[in-house]
Amino acid sequence: MTRIVTRNVSNQRQAPRGRRDGDVGDTDGDLDDSSDGRDDHLDGVEDGCGCTEIWEHLSEQRDGDAD
Numbered sequence: 001m002t003r004i005v006t007r008n009v010s011n012q013r014q015a016p017r018g019r020r021d022g023d024v025g026d027t028d029g030d031l032d033d034s035s036d037g038r039d040d041h042l043d044g045v046e047d048g049c050g051c052t053e054i055w056e057h058l059s060e061q062r063d064g065d066a067d
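Set out below in structure tokens:
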């Protein structure tokens, strides 16, 4: 789970063949992975928040599931 969170939050992707890491990718903003459901656990987290806010959000979800 941590790997997916890190990947989705930082918007890092594996560089396609022929490209190097750090190359500018999709600059028109049409990349949207939300349709595949891998980031559903981040619903309610504001765009641009940091790691601390994400971990707090996940902890609150976990605490809510225990009730």
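The UniProt record's numbering applies: residue 1 is where the sequence shown begins, and numbers increase by one.
Every residue gets a Cβ at the ideal spot worked out from N, C-alpha and C, and that includes glycine.
Three-way DSSP call (helix, strand, coil) for residue i in this model
i	result
Cys49	coil
Asp63	helix
Asp40	helix
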